[in-house]
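Structure first, then comments.
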Amino acid sequence: MALALNEYGRPVIILREQESKSRLRGLDAHKSNIAAGVAVSRILRTSLGPKGTDKMLQSPDADITISTFFTDLSLSNDGATILEQMDVDNQIGKLMVELSRSQDYEIGDGTTGVVVMAGALLEQAERLLERGIHPIRVAEGFEISSRIAVDHLEQISHKFEFNATNIEPLVQTCMTTLSSKIVNRCKRSLAEIAVKGVMAVADLERKDVNLDLIKVEGKVGGKLEDTELIYGIIVDKDMSHPQMPKQIEDAKIAILTCPFEPQSLRPSIRLTLIPLRSSKLYVSKRRSTSTRWFKDARGCLVGFPLSPVWINLSDVGATLVICQWGFDDEANHLLMHRNLPAVRWVGGVELELIAIATGGRIVPRFQELTPEKLGKAGLVREKAFGTTKDRMLYIEHCANSRAVTVFIRGGNKMMIEETKRSIHDALCVARNLIRNNSIVYGGGAAEISCSIAVEAAADKYPGVEQYAIRAFADALDSVPMALAENSGLQPIETLSAVKAQQIKENNPCCGIDCNDAGTNDMREQNVFETLIGKQQQILLATQVVKMILKIDDVISPSDY
Numbered sequence: 001m002a003l004a005l006n007e008y009g010r011p012v013i014i015l016r017e018q019e020s021k022s023r024l025r026g027l028d029a030h031k032s033n034i035a036a037g038v039a040v041s042r043i044l045r046t047s048l049g050p051k052g053t054d055k056m057l058q059s060p061d062a063d064i065t066i067s068t069f070f071t072d073l074s075l076s077n078d079g080a081t082i083l084e085q086m087d088v089d090n091q092i093g094k095l096m097v098e099l100s101r102s103q104d105y106e107i108g109d110g111t112t113g114v115v116v117m118a119g120a121l122l123e124q125a126e127r128l129l130e131r132g133i134h135p136i137r138v139a140e141g142f143e144i145s146s147r148i149a150v151d152h153l154e155q156i157s158h159k160f161e162f163n164a165t166n167i168e169p170l171v172q173t174c175m176t177t178l179s180s181k182i183v184n185r186c187k188r189s190l191a192e193i194a195v196k197g198v199m200a201v202a203d204l205e206r207k208d209v210n211l212d213l214i215k216v217e218g219k220v221g222g223k224l225e226d227t228e229l230i231y232g233i234i235v236d237k238d239m240s241h242p243q244m245p246k247q248i249e250d251a252k253i254a255i256l257t258c259p260f261e262p263q264s265l266r267p268s269i270r271l272t273l274i275p276l277r278s279s280k281l282y283v284s285k286r287r288s289t290s291t292r293w294f295k296d297a298r299g300c301l302v303g304f305p306l307s308p309v310w311i312n313l314s315d316v317g318a319t320l321v322i323c324q325w326g327f328d329d330e331a332n333h334l335l336m337h338r339n340l341p342a343v344r345w346v347g348g349v350e351l352e353l354i355a356i357a358t359g360g361r362i363v364p365r366f367q368e369l370t371p372e373k374l375g376k377a378g379l380v381r382e383k384a385f386g387t388t389k390d391r392m393l394y395i396e397h398c399a400n401s402r403a404v405t406v407f408i409r410g411g412n413k414m415m416i417e418e419t420k421r422s423i424h425d426a427l428c429v430a431r432n433l434i435r436n437n438s439i440v441y442g443g444g445a446a447e448i449s450c451s452i453a454v455e456a457a458a459d460k461y462p463g464v465e466q467y468a469i470r471a472f473a474d475a476l477d478s479v480p481m482a483l484a485e486n487s488g489l490q491p492i493e494t495l496s497a498v499k500a501q502q503i504k505e506n507n508p509c510c511g512i513d514c515n516d517a518g519t520n521d522m523r524e525q526n527v528f529e530t531l532i533g534k535q536q537q538i539l540l541a542t543q544v545v546k547m548i549l550k551i552d553d554v555i556s557p558s559d560y
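Just so you know, this note's numbering puts 491 at position 491 of the sequence shown, and the rest follows in order with no gaps.
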């Protein structure tokens, strides 16, 4: 097994002597597949835990990318992000990538740990295969072990009560997630922002959270500590005209998805030309909100009917227009002249969030615009950043606070993007706790406790499954060993001491003291993980390993 770079500079997993083998069968196929999966797992192993390291990738255009999108310089140790950007050609390697992606979609956290656990299971499975145990029996033993481990996690879990005034347990669990991120120096404030944002949009009666109602926006500049939670929506747009008001109180917002253009002059429109000397008297007698007056080159006033657009906006009482489409300079001038601020080219997703936050309705046609469909916000303001021309629109104090925005600040784009991913993980953890308020203790404590339970249960199975069950217990120890190794500790000695302490004290809270806090009791260190996240890791890793073990023939297209 080796890593090489393709013509674009991306790392590619290569099996030795693969070019001379067109078809693999039996034990050779199993070993080849296991080697590919273990190679991917070892890449992420050093990124596990609060002391985990980062990965650097190179984009096709030779830009340096540190495990994130192939754009500018970026940094991340998120397992799903690393695997997402790697160019993995091996099919088993792609299964490991899908494994991390599935954990990310379902739970949002634990994407590195699930791949590390799957790699450890594959290593243990290879040893059993070399001893002559059939892969199906190994898969069956792993399935039995996973059920034992999941049930044991349920037994050692703890439930906690929380409400809108007591969010400390949620904050502590989110802080554990953020401890392994680059933003860990601000983990307390970011965890509080994530929890408050989730609580703002959560339906506690149904125990459901729609994360689509939480918008995560970022702007380069300021410090990470300046990140804030806005009970409203921030739009990366400014007013369409520089002379429009920059702040509107008690705004009534018309949310439009129809083209916003003034009615063009046609031959059927009757123009009224009158001498300028009698214009004041005529206009005073014929004054109407439906007529627009201009002075021509001869000094006469020219009047033509205004489009129903302008009449309708004035009649319904709109004080701000937010439009999905653009409008030309003439429309912009008319809006500014009528003292009606407007924002153009707003995205569809942002329009939906604005409608939810302000309690307004999205209007597809001007004829349907009524006062009841206007959104309401206590304050709409345009804010400038630094010495640049960057401006953003804040829509705050909304009628419905069930749509919020996490506004991230940072010194560069790298920090902004990594903070967005970290906030996403924290939001997912808070959502999972609202769905199921059971927690287990982190720092490898849950894995060590499960390993002890699975090892003890192995004696109840007289068949060859007993070997697979014991191997599963050894694989569970890979997570705490990786945590100890990444923290600069002696992995074997540390794991042995913690496991002996758990058995002696019957305390499933003992884990790896990665932060050198002086105690390995994770309850005292407030290191928590969600129960459903940990259970999902074990179940997903076992399923993928079983799938790989059932492959006994690798057929390439060149064989036929």
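Backbone N, C-alpha and C fix where the C-beta goes; we use that ideal spot for every residue, glycine too.
Should residue i and residue j be called a contact, given that it needs their Cβ atoms to be closer than 8 angstroms?
i: I167; j: V440; result: no
i: F142; j: K546; result: yes
i: R409; j: L256; result: no
i: I469; j: S146; result: no
i: G442; j: V527; result: yes
i: P371; j: V316; result: yes
i: M199; j: A164; result: yes
i: A473; j: E455; result: yes
i: V577; j: V138; result: No answer is possible for residue 577: the residues shown for the chain start at 1 and end at 560.
i: L374; j: A254; result: yes
i: V201; j: A403; result: yes
i: Q536; j: Q103; result: yes
i: N515; j: T46; result: no
i: G79; j: T112; result: yes
i: E561; j: V183; result: Here the chain covers residues 1 to 560 and nothing more, so residue 561 does not appear.
Determine the closest residue to residue i out of the options, with distance taken between C-alpha atoms.
i: A342; options: V235, M522, A471 and T419; result: V235
i: V216; options: D89, N210, L335 and L229; result: L229
i: V363; options: N515, C323, C174 and V195; result: C323
i: A399; options: T419, A377, I512 and S422; result: A377
i: A35; options: G232, V321, S314 and R127; result: R127
i: E249; options: N432, S240, I395 and M415; result: I395
i: T176; options: I107, E123, P50 and I233; result: P50
i: Y231; options: A125, R101, C174 and I356; result: I356
i: I193; options: L178, I82 and G110; result: L178
i: R421; options: R23, I82 and Q525; result: I82
Could you have a look at residue i and say whether DSSP puts it in helix, strand or coil?
i: A202; result: strand
i: P508; result: coil
i: Q247; result: strand
i: P169; result: helix
i: G79; result: helix
i: L24; result: strand
i: A377; result: strand
i: F70; result: Reliability of the predicted coordinates at F70 is poor, the pLDDT of 36 falling under 50, and no value is obtained from them.
i: Y441; result: strand
i: P11; result: strand
i: R286; result: The predicted model places R286 with a pLDDT of 44, which falls under 50 and marks its position as unreliable, so this point remains unresolved.
i: G410; result: strand
i: R391; result: strand
i: G52; result: coil
i: F528; result: strand
i: L427; result: helix
i: S514; result: Inspection of the sequence shows that residue 514 is occupied by Cys rather than by Ser. Three-state DSSP puts C514 in coil, outside helix and strand.
i: D208; result: strand
i: S278; result: Any reading at S278 must be qualified, since the residue scores a pLDDT of 48, below 50, and its modelled position is unreliable; no value is offered.
i: D151; result: helix
i: P371; result: helix
i: D552; result: coil
i: T542; result: helix
What does the Cβ neighbour count give for residue i, buried or exposed, with the cut at 16 atoms within 10 Å?
i: K55; result: buried
i: V88; result: buried
i: I434; result: buried
i: H424; result: buried
i: I136; result: exposed
i: H596; result: Residue 596 lies beyond the stretch modelled for the chain, which goes from 1 to 560, so this question has no answer here.
i: S288; result: At S288, the pLDDT of 44 sits below 50, so the modelled position is not reliable and the matter cannot be decided from this model.
Please check the pair residue i and residue j, which I expect to be a contact at CB under 8 angstroms, by giving their CB distance rounded to whole angstroms.
i: A446; j: K534; result: 5 angstroms
i: L211; j: L483; result: Actually they do not touch by this definition, with Cβ atoms about 28 angstroms apart.
i: A318; j: K389; result: In fact, because the Cβ distance is near 27 angstroms, the residues do not count as touching under 8 angstroms.
i: R391; j: D226; result: Not quite, the Cβ-Cβ distance comes to about 17 angstroms (not below 8 angstroms), so this is no contact.
Hey, is residue i's beta-carbon within less than 8 angstroms of any beta-carbon in chain D?
i: E168; result: The displayed structure is made up of one protein chain only, and chain D is not part of it.
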